[in-house]
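Numbering (my numbering), first residue to last: 2 to 173. Quick reminder that beta carbons are idealized off the backbone N, C-alpha and C, glycines included. One structure is given here, and the rest of the page talks about it.
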């Protein structure tokens with residue numbers, strides 16, 4: 002699996018549970034209100050089934066990511082929470098015990114590791130495209146990452162929230 006798809010999954014991870022619930026409610030509403038639609042019964046049924054299928058894929062991904070994150074060591078879990086989940090688990094203000102350069106190297110190695118774990122679990126590039134190739138929330142994140150606008154995925158942290166040991170840029 003390409004690292005960019007793993008990043009999409011990680012940026013979306015904190016919201017997957019709520020997203021899945023909303024998708025289930027949306028499918029139920031589509032089914033209940035299908036009599037108002039100006040489509041055939043077959044088209045309405047297909048729309049509801051498609052929504053439930055996407056919900057199932059999101060739930061499956063969420064369960065896989067929970068296992069993947071749990072399998073990481075404490076430092077790796079911290080790095081994932083810090084970069085991708087922004088602030089979950091008291092990661093907003095911290096002093097990292099290594100330089101800024103080392104931090105970025107660790108993040109690159111970690112995303113490669115997570116992408117490899119996901120691929121071993123069956124989340125290949127082809128599966129990403131098959132299951133989520135038309136899924137708006139993931140496509141927005143993917144477009145931002147491909148355009149080099151990773152910071153647009155999350156709002157920027159306030160300056161000075163993190164310090165790096167032995168880093169000229171951090172003022173230490």
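query	result
Please check the pair residue 80 and residue 56, which I expect to be a contact at CB under 8 Å, by giving their CB distance rounded to whole angstroms.	With a Cβ gap of about 30 Å, residue 80 and residue 56 do not count as contacting.
Going residue by residue through the region 69 to 139, where are the continuous alpha helix (DSSP H) segments of at least 4 residues, counting only ones entirely within it?	75 to 85, 101 to 121, 126 to 133
With a cut-off of 8 Å, do at least 3 Cβ pairs link the region 60 to 76 to the region 26 to 42?	no
Terminal residues of the continuous alpha helix (DSSP H) containing residue 13?	4 to 13
Tell me the rounded alpha-carbon separation between residue 119 and residue 142.	18 Å
Among the candidates 19, 51, 104, 63, whose CA atom is the shortest distance from the CA of residue 77?	104
My output table needs one value for residue 31: the three-state DSSP class, helix, strand or coil.	helix
Taking all protein chains shown into account, do 16 or more other C-beta atoms lie within 10 angstroms of the C-beta of residue 72, making it buried, or fewer, making it exposed?	exposed
Given a threshold of 16 other Cβ atoms within 10 Å of its Cβ, counted over all protein chains shown, does residue 8 qualify as buried or as exposed?	buried
From residue 21 to residue 46, what distance separates their C-alpha atoms?	19 Å
Enumerate in chain order the residues of its own chain whose CB-to-CB distance from residue 153 is below 6 Å, with the five nearest sequence positions on each side excluded.	145
From residue 60 to residue 26, what does the alpha carbon distance come to, in whole angstroms?	14 Å
Can you give me the Cβ contacts of residue 151 inside the same chain, cut-off strictly under 6 Å, excluding the 5 residues immediately before and after it?	none
Since residue 85 contacts residue 14 with CB under 8 Å, what's their CB separation in whole angstroms?	7 Å
Exposed or buried, which one is residue 44 when buried takes at least 16 other CB atoms within 10 Å?	exposed
Skipping 5 residues on each side, what residues in its chain have a beta carbon closer than 8 Å to that of residue 113?	4
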